[in-house]
Each structure stands twice: as structure tokens, then as C-alpha cells.
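Below is one structure, written out as C-alpha cells; the observations come after it.
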Amino acid sequence: MTAYLIKSVSVVGAAPTDLLIHDGVVAEAGVGLTAPDATVIDGTGLIALPGLVDLHTHLREPGREDAETVESGSRAAALGGYTAVCAMANTSPVADTAGVVEQVWRLGREAGLVDVQPIGAVTVGLAGGQLAELGAMADSAARVRIFSDDGHCVADPKLMRRALEYVKAFDGVIAQHAEEPRLTEGAQMHEGEVSTRLGLTGWPAVAEEAIIARDVLLAEHVGSRLHICHVSTAGSVEVLRHAKARGVKVTAEVTPHHLLLTDSKAETYDPVYKVNPPLRTATDVAALRAALAEGVIDIIATDHAPHAVEDKECEWAYARPGMLGLETALSIALDVLGPQWDLIAERMSRTPARIAGLDGHGVDPAPGVPANLTLVDPAARRTIEPAELASRSRNTPYARMTLPGRIVATFLRGEPTVLDGKAVK
Ligand SMILES: [Zn+2]
909 MTAYLIKSVS
919 VVGAAPTDLL
929 IHDGVVAEAG
939 VGLTAPDATV
949 IDGTGLIALP
959 GLVDLHTHLR
969 EPGREDAETV
979 ESGSRAAALG
989 GYTAVCAMAN
999 TSPVADTAGV
1009 VEQVWRLGRE
1019 AGLVDVQPIG
1029 AVTVGLAGGQ
1039 LAELGAMADS
1049 AARVRIFSDD
1059 GHCVADPKLM
1069 RRALEYVKAF
1079 DGVIAQHAEE
1089 PRLTEGAQMH
1099 EGEVSTRLGL
1109 TGWPAVAEEA
1119 IIARDVLLAE
1129 HVGSRLHICH
1139 VSTAGSVEVL
1149 RHAKARGVKV
1159 TAEVTPHHLL
1169 LTDSKAETYD
1179 PVYKVNPPLR
1189 TATDVAALRA
1199 ALAEGVIDII
1209 ATDHAPHAVE
1219 DKECEWAYAR
1229 PGMLGLETAL
1239 SIALDVLGPQ
1249 WDLIAERMSR
1259 TPARIAGLDG
1269 HGVDPAPGVP
1279 ANLTLVDPAA
1289 RRTIEPAELA
1299 SRSRNTPYAR
1309 MTLPGRIVAT
1319 FLRGEPTVLD
1329 GKAVK
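Shown next as C-alpha cells:
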């Protein structure tokens, strides 16, 4: 196993130091380290972060390997600075059995670029009718701890309650896609001024807020852990603030696109901006940014949602919702938060690793710690070219935008997955 000596790197914004990576761990840290056999990386001007952890990734395998595979998505993740991703269950077949979650987990191990932690479905086939085999998935080799019907809301309150009760035994989490389906029938975009002007059916903020309000009460009643996927409205932030003040065990995520883009993008009729939940107003964006800084929203999660060209480059009404996110998330975070490295590490690595229970991830580089880390060049700026992305899909909303920050290297258990900004394999 090759050793790597990273010279003069700033660990999460601190004064420059050297890091020696050997045998899968950070073997030494300090100024003026030498290691004759090590490969030297000049870390001058670079920031070392604990490897990023994404709680919300769609890898599309099994079923839609034309849009993404576990391997291509893992490569996109590594290039984005990630060392672990949680793979959502809405594959085909759905990841609602021990067999399917183990398949995804095994494909992740074979790709070997990030740790792929499968998320199990809450209900059979994501159909919302009966609970999936949560216990069997938890006991499987994939050791599933997060369950979600993402893409669909667990709308039935009785099922939601039972799911929360079930996972309590093994400290599992139900991750809810909060969307009251009766309020969003036929919805194409955020319900507001722009949807009225364009004549498109709206997705009202209250459809999200009503489910979050219901579910934090259920979580409080049961005493279980609840996670809210892709929070998108100012009203949701207020519901979460209230629940957290009461001590409810709820965590929440926001996506990079909900931190940056607004519903005015729908005026282009470019389906690349169609996403669920939809892009909201500038007021919502401001509230989400404030909630993220404050900690009412705990983490940034990408909701990386690759789609084949025919599912995106068509009429708005027929396009599938979703955007790529893994290869641009750190840049968007840097753009939105500025160089607040401790906050970025907290929201993109430490806290998501803790929510998912991923040992060895989300820990700042220090002697003895597993070498899961990424090196960022904060001074670099790059223009996003869809054709250059490692994802099999091209549906990035940031095409030809120039964004700050570049991932220079990523290490998974001491082995580089990215060097000089390029995937190693
Ligand atoms: Zn979702």
C-alpha cells in the first residue's frame, strides 16, 4: 500500500500542516514531516475536509443503468469529494428486500470508489400499502439503518407510525419525502406568482409543511428518529424549529439547488429545472440558507437524480423531476456559505455520517483516524461542462456556470479515488 505525504495543507481551515497517510489511516500530522517512500502531494493553498457524506443519492442501479450505475455514480461522488453515499431505494426492482439492498451494497464494494450505503424502502414497491421487510434489510449484509420511500411520500399516517415504531428497536431512521399527494396532483412547479403567470399547476408549500408537521408529532409520540428529505420552504423551517425546540428527534436536509435557484427558472421552460420538491421563491431560499447556518437544517444532501436524455429533453410536462448534484455540491456550498470550512464539514460530512451511523466517515483528518478525506482548492474556479461529468446523465442545472472550488484529491481508507482532479479508476 502506497503512503502519501500531503505537505502544508489546511485541515478544515486551520494553519497548514503535513498529513502522512499510510495503511488506510492518517498515520501522522504535524509540520515538517518526512517519509522517503511516500508519494508527496503539495497541499499549499488546499483545504483538507473529512470525506463528504451524501445522505440522498439516486444511483439508478438496478433498473436504469442507462441513466447511472453504482460505479458511475460512485465515480461522480468521488470527484465531488464524497467518500460515502446513501443510495435511495427507488430502483427497479425497488430496494425493499434484503436481496436488493445486498446487491446494491455489493456493487458499491466492487466499484470501490465510495462506501455505498443502501437505503431501504419503507413500503413494498414504494406503493404506500404495506410495510417492507425492514428487519430483514437491517439484518442483511448491507445493515440498512435508513428507510425511505423517497420519490413518494409515506402518506398514510398509520403506516408512518408503524414504520417509526419498527425502526426504533435498532435506532433506525425514517427519511420522509414530505409531500401530501392530494395537494400536489398534477403539479408541475411551485405554486405561486410564476406558476399563475405560466399557467402551470402548482405544488403548494403547504403540501410539504403539513406532512412535516404531522410527522414530527408522530416521531415525538413514538420517540423515534425522523429525517426530512429536501426541505424546500420557509414554512417547513418554522415547523422544524418548533419541533427541535420541543426535543423531537428530527433532522433535516436541504439540497444545493434549493439553496441557489428559484422558481423563476421555470420561465425558461427548460425541464432541467424541473425537480421535486420544486424550486421555490427567493424568500424560501433565504430562509433555507439561514436555517442551514443556524442548524435548524442539519445537512446538505444532493438528491443527485440522474435521468436519461429522453426523460429530460422533452416537454416540461413530460420530463422527469430531478437534477444531478454530486459533482457540483461542494462548489454550490462554497458559493452559498463562503469559506466557512467548519460549517461545511459539519453540514456535508460530520452530521450526515452521524445520522447514517457510518463509522469511519465524518471524522476530521487526525492521527489514527481512517483516511477518508478530500482536498479542495478554494481558489480555483471551474466552468461546468455537462459532457465532462462522470455521471452517465447530463441533467445538471449548472451547465456553463462558473463555480468556485475544485476537488483536487479524494482518499477512501487511504487509497486515492481522485488525484489531480481526475478519477483514479
Ligand atoms: Zn424526494
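For any residue, its number in this note's numbering is found by taking its place in the sequence shown, counting from 1, and adding 908.
Using N, Cα and C, we set each Cβ at its ideal position, and we do this for glycine too.
Buried versus exposed call for residue i [16 or more other C-beta atoms within 10 Å across all chains shown]
| i | result |
| --- | --- |
| Ser-1000 | exposed |
| Met-909 | exposed |
| Glu-1296 | exposed |
| His-1150 | exposed |
| Pro-1065 | exposed |
| Cys-1137 | buried |
| Asp-1047 | exposed |
| Thr-1176 | exposed |
| Thr-947 | exposed |
| Ala-1241 | buried |
| Arg-1105 | exposed |
| Glu-1161 | buried |
| Asp-1057 | buried |
| Ile-1029 | Reading the sequence as shown, one finds Ala at residue 1029 and not Ile. Its Cβ being crowded by 16 or more others within 10 Å, Ala-1029 is buried. |
| Ala-937 | buried |
| Thr-1109 | exposed |
| Pro-958 | buried |
| Thr-1334 | The structure shown does not extend to residue 1334, since the chain spans only 909 to 1333, so no value can be given for it. |
| Arg-1154 | exposed |
| Ala-1194 | exposed |
| Val-1204 | buried |
Contacts around residue i, its chain only, beta-carbon distance under 6 Å, and the 5 residues preceding and following it disregarded
| i | result |
| --- | --- |
| Ala-1227 | Pro-1179, Lys-1182, Lys-1220 |
| Val-1032 | Asp-1004, Gln-1038, Ala-1040 |
| Glu-1128 | Val-1156 |
| Glu-969 | Thr-977, Val-978 |
| Ser-1132 | Leu-1072, Lys-1076 |
| Leu-960 | Gly-989, Tyr-990, Met-1256, Ser-1257 |
| Ala-935 | Leu-928 |
| Pro-1294 | Arg-1302, Thr-1304, Ala-1307 |
| Arg-1053 | Gly-1080, Gly-1265 |
| Ala-1083 | Ile-1054, Ser-1056, His-1135, Cys-1137 |
| His-1215 | Ala-975, Arg-1228, Gly-1230, Ser-1301, Asn-1303 |
Ligand 1 heavy atom lying under 6 Å from the CB of residue i
| i | result |
| --- | --- |
| Asp-1047 | no |
| Cys-1137 | yes |
| His-1085 | yes |
| Asp-1250 | no |
| Asp-1123 | no |
| Asp-945 | no |
| Asp-1058 | yes |
Neighbourhood of residue i by C-beta, 8 Å cutoff - its chain only, sequence neighbours within 5 removed
| i | result |
| --- | --- |
| Pro-1324 | Tyr-912, Ala-1317, Thr-1318, Val-1332 |
| Ala-1044 | Thr-1005, Ala-1006 |
| Thr-1191 | Ala-1142 |
| Leu-1021 | Glu-979, Ser-982, Arg-983, Ala-985, Ala-986, Leu-1320, Thr-1325, Ala-1331, Lys-1333 |
| Arg-1262 | Gly-1270 |
| Val-1102 | Asp-1171, Ser-1172, Ala-1174, Glu-1175 |
Sequence-distant residues of its chain with Cβ nearer than 7 Å to residue i (five each side left out)
| i | result |
| --- | --- |
| Leu-1245 | Leu-1251, Ile-1252 |
| Val-939 | Thr-925, Asp-926 |
| Ala-1225 | Gln-1096 |
| Ala-1049 | Glu-1010, Trp-1013 |
| Arg-1197 | Leu-1167, Val-1244 |
| Pro-1186 | Met-1097, His-1098, Trp-1111, Asp-1171 |
| Leu-1327 | Ala-1317 |
| Ile-1292 | Thr-1236, Thr-1304, Tyr-1306, Ala-1307, Arg-1308, Met-1309, Leu-1311 |
Residue i: CB within 6 Å of a non-hydrogen atom of ligand 3
| i | result |
| --- | --- |
| Ala-1127 | Because ligand 3 does not appear in the structure shown, any question about it cannot be addressed here, the ligands present being ligand 1. |
task: Taking only runs that begin and end inside the region 1129-1174, name each unbroken alpha helix (DSSP H) of 4 or more residues, in chain order.
output: 1142-1153, 1164-1168
query: Would the region 1241-1260 and the region 1009-1017 be scored as touching if the rule is three or more Cβ pairs under 8 Å?
result: no
query: Taking contact to mean at least 3 C-beta pairs separated by less than 8 Å, is the region 1081-1092 in contact with the region 1054-1061?
result: The way I'd put it, the region 1081-1092 does touch the region 1054-1061; three or more beta-carbon pairs between them come closer than 8 Å.
message: Closer than 8 Å is the cut-off here; do at least three beta carbon pairs connect the region 985-999 with the region 965-973?
response: yes
task: Please list the segments of the beta strand (DSSP E) lying wholly inside the region 984-1070, counting only runs of 3 or more residues, in order along the chain.
output: 990-995, 1023-1026
query: Should the region 916-924 be regarded as contacting the region 948-957, the criterion being three or more beta carbon pairs within less than 8 Å?
result: yes
Whole runs of the alpha helix (DSSP H) within the region 1178-1223, excluding any shorter than 4 residues: 1190-1202, 1217-1220
- prompt: Touch check for the region 1110-1125 and the region 1205-1216: three-plus C-beta pairs under 8 Å?
  reply: no
query: Taking three-plus beta-carbon pairs below 8 Å as touching, is the region 1223-1238 in contact with the region 1291-1306?
result: yes
- prompt: In chain order, which continuous runs of the alpha helix (DSSP H) of length 4 or greater are located wholly inside the region 1253-1325?
  reply: 1259-1264
query: Which whole runs of the beta strand (DSSP E) in the region 924-969 are 3 residues long or more, in chain order?
result: 925-930, 933-938, 947-950, 955-958, 960-965
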